[in-house]
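Engineer:
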Amino acid sequence: MILTCAFIISVCALGGCTAENASDGASKTHTDDSVVVFAADGIASRSFDGVGVDWGVYEDTNKLAVGAWEKTMNAVDRLNPSLVRCMTNLDWLVYDYDSKNTDDLSDDEWKYNFKNKYMKNTLDILDYCQDRGIKVAFGVWNVIGSPDPEVDVWKMIPNSTTDPRWAKMTADLMEFLVKTEGYDCIKWFVNTNEPNYVGNIGASKNAYNTYEKWSQGVKNVKAEFLKRGLDGIDIVGGDVTASGAGFDQYLMGIAKEMTDVVSNYGIHLYVSNFPIDKGTFRDSLTTNIEALREFDKKIGDEHRVIIWESGLLDGKNVITDCNSYIANYSYGIRMADFTVQSLLAGVNGICYWDLDDAMHFMYTETGATAKEWGMFSTLSSASPLKQEIRPWFHSSTLITNLLRPGSDIYKPSVESGDDFRTVAAVSADRKSGGFIAVNRGIKSVKKTFRIEEKLSTDGNIYVYIFNESNLRLDKNGYVTPNAVARGSVNDEVTLEIPAGSVAVVSTKLL
Amino acid sequence: MKKLFSALLSVVLCVTAAVTLTACEDGGNEDKFSDDGKLILNVRNLYFNEWNGEDVYTAQIEEKFGVDFVPTNYSWADWTQQVQQSINGGTVSDVFHFNLDNYNFARSYKFWADDGAIKPLPDDMSRWPNLKKMIDSTSNIEALRYNGKLYCIPIAKNVKSQEAPYSPFTYVYRRDWAKQYGVYQEGDVYTWAQFNALLQAFANAFKDNEISALADVEWGFPSVVNMFKNEPHCFAVVDGKVVPSYTTDKYLEGLDYAKNLVTSGVYYADQFSSNDGDVSKRYYGGRVGVFYENLSLSNYTTLRKKMWERSEIDTKEKLDDATAIMRVIGPDGKYALEGTDNWFSATFFAGGVSDAKQQKILDIMEWLLSEEGTMMAVYGIEGYDYVKNGSEVTLTEAGWEKDLDGNYIEKFNGAKYLRYMCTLGYDLYPIDPLVDKDSYDILTEWGAFMNDKYAKGDLRILVEDARVKWMTTYYKAENSGKLLDDANATVMNYVYGQNVKTLSDYKSKFATETWNRVLKEINDEMKK
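Listed below in structure tokens is the structure:
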């Protein structure tokens, strides 16, 4: 069935309109501002790894609701991520530490429990990713031990990842996962989360960390990986919050002196609404990437910049580490805008923070509370409202399904105002493609889009509009097109995009 | 697990080579600069929590003042210890936050000043008029001067108006239950007899249940003694002589009353072993009839939110009835509340901070107290978060969205956090979009009521003699904190009949060698 609606004003071949469904008449003459052409040479990225989600090992699967895993599987099926960042905790997996009562760390011994609920959950996630060809960045949150020196038996924290036991442990873990269990979906190792955030002594496992320690730790781990035949595992360079020392020391340090060890610039970005809304986020990111490129000319080609954690800063409650915006449609719109701006700046991949509220908890004297940043919650204790799929899951689903890995990403030839941003993608096989357009203005805009790069499609164009009024869901509660028309994105596609909306146009059903 | 959230800022990204510039000034530590030439300021404060200084609001301040904030925080439980550790370890931040009070004044402030660990404020503060005005308005400000210098910025509760001289430590109660059992009094005003009748009615109604008629926040026990005593804590002046406040006739009368409430089953039976937060949770759980608590706006808002989550409370009227504030007239015919200063805790500068850096921080504080800075801290960025037409402020939809319950969603606004270095911002409550207006209105009405009673001489405020409060003699400084802790334990043990069985045993706890030495020292000093 071919659906049409007022959002599609016309789909016209360059010689004239071949299809039209204009509620207010098709506009056949365009001002420059109203025409968006994605020129064949307007490449933003040729080394695109796709869009995914942070799907970490659950801290307590006993807290999940009945049917949680099935619900999660269904949701991730629909989300169809290309990337997953999966973090675990080595403290969950090691036991029976024996220091031999010597100062020599190399003779220390310990055992692994690779059969507990944490590893079971890990394997469940990796099974899923392996079966679907999802590239995984697998990592460990922190070095092991307690930040409280009074109770810490490992004494690894002061030396951080330079501790020789760290390289051995992480290599043991990766050897088990990649070689024993066969998860070659793991493409990267994350050498601790946000090492640039040192925190306070006694409270943070990073308290003694420095760039020098982290980089030496990475080199040790890489050497151990090579010794174990884990040659295919790259290391996420940084996994840092991308400002201050995170940028100056870690990312710039990698660009200057570590490109022989890592080829992935991993950054975490949580951004205020203001720079997203004003479009200045893109400028900042562009400046940053250009600064890195001064030292590493391979950035954007063999060397990738991937935002491994992404989200919005406003709405964050610092006590509970929850974000109140995630229940609003605006979160989806801003994260789409975030994505478009990131791609225009040359980013090669993005992971959204995060999939499920049930994964992580905030621990206080009064107990553990879920960190609510997810696309839904599978916690048994979550209210029915929180268990529902949140709006930004749907906008993210459109993005992850359109922006597939290996696609070429195109910029528009002409920028059109502060309130409108767009980016196009064409698949590697040239059989599918489309574009995302974000209208952040207070009025609807009429735009005509055309992708120059030739696509060979089945002749359908699927149009999705994401906002509170127009989002359409199918009987399963997942996003479905607002309109389907015959035509090609190589022709002129004219859309009326409502105020405060994301429009996604694709040559395939997303 | 996620330790930090970061934002890539629109204007502050450092893009040049990672070369640190330094400049040595005035014999202090070397000032450090970011790659793009901004002065790096290490700031640490209890209220910074997970604020990492990477939001757009902080970025605008950084750009305006040419600085780069590096914030860290303290945990409430280890605050004092963390400050001490950082000072002892030489890792103290440029600007830090300490829970200064009269009990630790000598062993922290004076000790640090003597040791050069903290830097005094400039003698002439006229360059920072907002800050100067705030500091000059501090109660007991002269007590904080040492060798003619002021070594801290007392953090004002309210920079716009004079705060009430009493704390909102009082009783919230189940008015709905009072109505149900026929003991409700109009306007929530209870004479001493009516208060006791209500407690007894609740105790009778719930004697076989898990519900307590009366319970106190853990640090507040036994609150009922406040209706008798005159001093808040350790020391009382009786006939010109300083004695332990715990052994005055009035205190003992209150103590006896509290003990009777325990033995008669009015007081929460497990108050003795209750951990921090337990009693408030019991109230939220509908298991306490009258609850003594610090009804700060934050606490009261939380309490109302928690009660709103109860399924049987589904209208505003029911919520108000479940969270009403009692006005109890004591046996002397007066209301009684604990006195307070108009500031809480203080901001310090590390001893090695250069004059230039200190002045820069003072510039920022001055701006944060200005109208422009205040608007940024409350509303955000003009033209984006809000628009201003004359004095009228209108919040924008993009800047201030609401959650599914219709409440404004909190912004991650560094200006708000930084302003905590100089004020807690009580003055902002009437205009802050994030303040729960119902809670604020109820507390404001209660405050007006108490102010009126105070003006008429019907409110007794518990205060310690100022001469004693800030006295920093050796033994007092050494022992005050411990004496207070021990006294609280003794009171609890006596009232609940644990370890301290008799009044004679009780009194002996305040006649120890330490008490006697401290009291002698204080009394000798008073005679000078």
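Chains as they are written, first to last, in our numbering: chain A, 406 to 915; chain B, -16 to 511.
Ideal Cβ positions, reconstructed from N, Cα and C, are used throughout, including at glycine.
(1) Go through its chain and collect everything with a Cβ distance to B/T357's Cβ below 8 Å, but skip five positions before and after it.
(2) By Cβ distance below 6 Å, which residues in the same chain neighbour B/V220 in space, the five residues on each side in sequence not counted?
(3) Mind checking whether A/F652 and A/N614 have CB atoms under 8 Å apart?
(4) Flag this pair as touching only if the stretch 732 to 742 of chain A and the stretch 903 to 911 of chain A have three or more C-beta atom pairs under 8 Å; answer yes or no.
(5) Give the range of the alpha helix (DSSP H) segment to which B/L127 is assigned.
(6) Which runs of the beta strand (DSSP E) spanning at least 3 residues fall entirely within the stretch 666 to 748 of chain A, listed in chain order?
(7) Does the distance from the CB of B/E33 to the CB of A/V676 come in under 8 Å?
(8) Could you tell me the distance, in whole angstroms, from the CA atom of A/A431 to the CA atom of A/K816?
(9) Taking the beta strand (DSSP E) that A/Y768 falls in, what are its first and last residues?
(10) Cutting at 6 Å between CB atoms, please list the residues of its own chain near B/T495, excluding the five before and the five after it.
(11) If you draw a straight line from the C-alpha of A/T585 to the C-alpha of B/Q43, how long is it?
(12) Please name the residues in the stretch 359 to 374 of chain B whose beta-carbon is closer than 9 Å to at least one beta-carbon of chain A, in chain order.
(13) Are any of the Cβ atoms in chain B nearer than 8 Å to that of A/P680?
(14) Is the Cβ of B/V446 closer than 8 Å to any Cβ of chain A?
(15) Taking all protein chains shown into account, decide if A/V458 is buried (16 or more other Cβ within 10 angstroms of its Cβ) or exposed.
(16) Going by alpha carbons, who is nearest to B/K301 out of B/A100, B/E201, B/A161 and B/S150?
(17) Going by Cα to Cα distance, which pick from B/Y251, B/L181 and B/K371 is closest to B/N192?
(18) Determine the burial state of A/V819: buried for a count of at least 16 other Cβ atoms within 10 Å of its Cβ, exposed for fewer.
(19) Under 8 Å, do A/L854 and A/L900 count as touching if we go by C-beta distance?
(20) Could you tell me how far apart the beta carbons of B/V50 and B/L22 are, in whole angstroms, since I believe they sit closer than 8 Å?
(21) Determine the direct distance from the alpha carbon of A/I659 to that of A/D701, and round the result to whole angstroms.
(22) Check the DSSP bridge columns for B/Y173 and list the partner residues they point to.
(23) What whole-angstrom Cβ distance do A/Y768 and A/V710 have, given they're in contact under 8 Å?
(24) Give me the residue from B/Y283, B/K490, B/P314 and B/Y318 with the minimum Cα distance to B/T306.
(25) Specify the secondary structure class of A/C534 as computed by DSSP and reduced to three states.
(26) Spell out whether any CB of chain A is found under 8 Å from the CB atom of B/L387.
(27) DSSP beta-bridge partners for B/H80?
(28) Under the assumption that A/S415 contacts A/K852 (Cβ atoms under 8 Å), give the Cβ distance between them as a whole number of angstroms.
(29) Let me know the secondary structure DSSP gives A/T880 once reduced to three states.
(30) Any beta carbon of chain A sitting closer than 8 Å to that of B/T55?
(31) Report the partner residues of A/W593 according to the DSSP bridge assignment.
(32) Against B/F79, what residues of chain A qualify as contacts under a CB-to-CB distance less than 9 Å, listed in chain order?
(33) When burial is assigned at 16 or more other CB atoms within 10 Å of the CB, is B/G316 buried or exposed?
(34) With DSSP collapsed to three states, give me the class of B/I392.
(35) Which same chain residues end up closer than 7 Å to B/E508 when comparing Cβ atoms and leaving out the 5 residues on each side of it in sequence?
(36) Using three-state DSSP, classify B/N85 as helix, strand or coil.
Structural biologist: Reading from the atomic positions:
(1) Here residue 357 of chain B refers to the residue found at position 374 of the second sequence. For B/T357, same chain residues with a beta-carbon under 8 Å away, outside a window of 5 residues either side, are L351, R402 and L411 in chain order.
(2) Here residue 220 of chain B corresponds to residue number 237 of the second sequence, with the count starting at 1. Answer for B/V220: D448, listed in chain order.
(3) Taking the first residue of the first sequence as 1, we reach residue 652 of chain A at position 247. Taking the first residue of the first sequence as 1, we reach residue 614 of chain A at position 209. Not a contact, by the Cβ cut-off of 8 Å.
(4) The stretch 732 to 742 of chain A makes contact with the stretch 903 to 911 of chain A, as at least three CB pairs between them are under 8 Å.
(5) Reading the second sequence from its first residue, position 144 is the one you call residue 127 of chain B. Element bounds for B/L127: I124 to L127.
(6) Every beta strand (DSSP E) of 3 residues or more that sits fully in the stretch 666 to 748 of chain A is shown, in chain order, as 669 to 676 and 709 to 717.
(7) As a working mapping, residue 33 of chain B is identified with position 50 in the second sequence. As a working mapping, residue 676 of chain A is identified with position 271 in the first sequence. Contact: no.
(8) Position 26 of the first sequence, counted from the start, is the residue given in the question as residue 431 of chain A. Position 411 of the first sequence, counted from the start, is the residue given in the question as residue 816 of chain A. Because the pLDDT at A/A431 is just 37, under 50, the model does not fix this residue reliably, and the point stays unresolved.
(9) For the purposes of this step, residue 768 of chain A is taken as residue 363 along the first sequence, with counting starting at 1. A/Y768: member of the beta strand (DSSP E) spanning F766 to T769, first to last residue.
(10) Counting from one through the second sequence, the residue named residue 495 of chain B turns up at place 512. Same-chain partners within the cutoff: there are none.
(11) Counting from one through the first sequence, the residue named residue 585 of chain A turns up at place 180. Counting from one through the second sequence, the residue named residue 43 of chain B turns up at place 60. Approximately 52 Å, taken between the alpha carbons.
(12) Flagged, chain order: G363, I364, Y367 and D368.
(13) In the first sequence, counting from the first residue as 1, residue 680 of chain A sits at position 275. With 8 Å as the cut-off, A/P680 counts as an interface residue toward chain B.
(14) Sequence index remark: in the second sequence, residue 446 of chain B carries index 463 (1-based). Answer no: the Cβ-Cβ gap between B/V446 and chain A never drops below 8 Å.
(15) As a working mapping, residue 458 of chain A is identified with position 53 in the first sequence. Burial call: buried.
(16) The count along the second sequence starts at 1 and reaches residue 301 of chain B at position 318. Of the listed residues, the one whose Cα sits closest to B/K301 is B/A161.
(17) The residue given as residue 192 of chain B occupies position 209 in the second sequence. Comparing Cα-Cα distances from B/N192 to each of B/Y251, B/L181 and B/K371, the minimum goes to B/Y251.
(18) Locating residue 819 of chain A in the first sequence gives position 414, where the first residue counts as 1. Around the Cβ of A/V819, a 10 Å sphere holds fewer than 16 other Cβ atoms; the residue is exposed.
(19) As a working note, residue 854 of chain A is residue 449 in the first sequence. As a working note, residue 900 of chain A is residue 495 in the first sequence. According to the sequence shown, residue 854 of chain A is Phe rather than Leu. Closer than 8 Å, so yes.
(20) Here residue 50 of chain B corresponds to residue number 67 of the second sequence, with the count starting at 1. Here residue 22 of chain B corresponds to residue number 39 of the second sequence, with the count starting at 1. Distance from B/V50 to B/L22 at the Cβ level is roughly 5 Å; contact confirmed, criterion being Cβ atoms closer than 8 Å.
(21) Here residue 701 of chain A refers to the residue found at position 296 when the first sequence is read from its first residue. Here residue 659 of chain A refers to the residue found at position 254 when the first sequence is read from its first residue. Rounded to the nearest angstrom, the two C-alpha atoms are 9 Å apart.
(22) Within the second sequence, the letter at position 190 stands for residue 173 of chain B. Bridge partners of B/Y173: B/V311.
(23) Counting from one through the first sequence, the residue named residue 768 of chain A turns up at place 363. Counting from one through the first sequence, the residue named residue 710 of chain A turns up at place 305. Contact flag wrong, Cβ pair sits at about 33 Å.
(24) Residue numbering aside, residue 306 of chain B sits at position 323 when the second sequence is read from its first letter. The shortest Cα separation from B/T306 among B/Y283, B/K490, B/P314 and B/Y318 belongs to B/Y283.
(25) Counting from 1 along the first sequence, the entry for residue 534 of chain A is found at position 129. Residue state, collapsed to three classes: helix.
(26) Along the second sequence, one-based indexing puts residue 387 of chain B at 404. True, the Cβ-Cβ gap to chain A drops below 8 Å.
(27) Counted from its first residue, the second sequence places residue 80 of chain B at position 97. Partner(s): B/T330.
(28) Along the first sequence, one-based indexing puts residue 415 of chain A at 10. Along the first sequence, one-based indexing puts residue 852 of chain A at 447. For A/S415 against A/K852, the beta-carbon gap comes to about 12 Å, at or over 8 Å, which does not count as contact.
(29) For this step, residue 880 of chain A is matched to residue 475 along the first sequence. Correcting the residue type first, residue 880 of chain A is Lys in the shown sequence and not Thr. In this structure, A/K880 counts as coil in the three-state DSSP scheme.
(30) Indexing the second sequence from 1 puts residue 55 of chain B at position 72. Closer than 8 Å: yes.
(31) Position 188 of the first sequence, counting from 1, holds the residue named residue 593 of chain A. Answer is A/A542 and A/D639.
(32) As a first step, residue 79 of chain B is located in the second sequence; it is residue number 96 there, counting from the start. Identification of chain A residues near B/F79 by a Cβ-Cβ cut-off of 9 Å yields none; the smallest Cβ-Cβ distance measures about 12 Å.
(33) On the second sequence, residue 316 of chain B is found 333 positions in, with the first residue counted as 1. Its Cβ having fewer than 16 others within 10 Å, B/G316 is exposed.
(34) Against the second sequence, residue 392 of chain B aligns to sequence position 409. In the three-state DSSP reduction, B/I392 falls in the coil class, being neither helix nor strand.
(35) Here residue 508 of chain B corresponds to residue number 525 of the second sequence, with the count starting at 1. So the qualifying residues of the chain are M454 and T456.
(36) The count along the second sequence starts at 1 and reaches residue 85 of chain B at position 102. Three-state DSSP puts B/N85 in coil, outside helix and strand.
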